[in-house]
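Each step along the sequence shown adds one to the number in UniProt numbering, with nothing skipped, and position 135 is 135. Even glycine gets a Cβ: it sits at the ideal position worked out from N, Cα and C. Given the structure is predicted, the values throughout are model-derived calculations rather than measurements.
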Amino acid sequence: MRPSVTSTAASAPRPAHRPAPLPAMRTRLLLPMGAALPLGVVVAALLAGCAGAPAGGAGGAGSSSASASASASAPSSAPAGPAADASGTPETTSEATAADRDASAERPVVGTVLRFTGGGQVVDVTLDEDNPTSRDLVGRLPATLRFEEFAGREKIAYPAPALAIEGSLGSDPEDGDLIYFSPWGNLGFYYDAAGIGFASETIHLGRYDATPAQLAAFDDAEVTIEVVG
């Protein structure tokens with residue numbers, strides 16, 4: 001059991017100009033049983049305790065605030081860079097391909113040579129009409145289409161999706177014409193245009209030089225189309 005503290009000055013009135021003693025938890029004076037200290041020594045000890053005590057919660061609060069501020073100002077993680085695939089190469093979209101296709105479609109195409117290869121036969125077509133339909137066709141190449149016989153007059157195939165037609169004019173087809181028939185959305189090698197007159201839906205694209213026998217190689221064949229000149 002801790003001995004009690006006895007002071008002869010405990011009952012003396014406290015001068016107004018002297019500071020109040022700190023709570024017992026701050027400073028304790030341990031004296032032998034029955035010992036007494038002069039009032040001046042007690043006051044000096046109390047003052048020394050005040051001077052040595054930490055400045056309340058202010059210092060701790062200041063340190064905590066500074067730490068919190070530093071934490072708040074520091075980034076939690078590095079900024080995210082552009083998305084990349086497993087090889088580390090930034091991801092791309094099909095926008096570049098679409099842009100290249102659009103650029104090709106805007107270039108003049110008169111004089112462009114398209115080569116049709118299929119069934120062991122090669123047929124070259126020289127484009128002689130610069131219109132939205134011919135530009136759209138060139139912009140899609142190379143491509144592969146299945147051709148078939150139609151009505152003893154044409155070899156036809158169906159590009160998908162349909163070619164652009166707005167702004168393209170109709171024509172009066174002749175043998176040796178490569179045309180695009182907009183209602184059906186088909187390309188056509190005309191080899192017998194007898195009795196076929198002008199139609200706004202028959203869009204002229206170019207001319208080819210091949211016999212009906214040579215064109216017959218395209219019947220039910222996969223035909224590759226590419227730009228060669």
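DSSP places T202 in the uninterrupted beta strand (DSSP E) bounded by 202 to 208. The beta carbon of E166 sits closer than 7 Å to those of P132, all from its chain and outside the five residues before and after it, given in chain order. Contact between F189 and Y208 holds: CB atoms are separated by about 6 Å, below the 8 Å threshold.
In the three-state scheme derived from DSSP, where H, G and I count as helix and E and B as strand, F116 is classed as strand. The three-state reading of DSSP puts S134 in helix, counting H, G and I together. Collapsing the DSSP output to three states places A216 in a helix. The beta carbon of S134 lies closer than 6 Å to those of V109, L127, L205 in the same chain, with the five residues before and after it left out. With a cutoff of 7 Å on beta-carbon distance, V113 and D130 are scored as not near each other.
For the set I203, G119, G229, the Cα lying nearest the Cα of V223 is the one of G119.
Per DSSP, reduced to three states, the secondary structure at G167 is coil, with no helix or strand assignment. Judged by beta-carbon spacing, A194 lies beyond the 7 Å limit of Q121, meaning their Cβ atoms are not closer than that value. The closest CA to that of E154, considering only G229, E226, A213, is found on A213.
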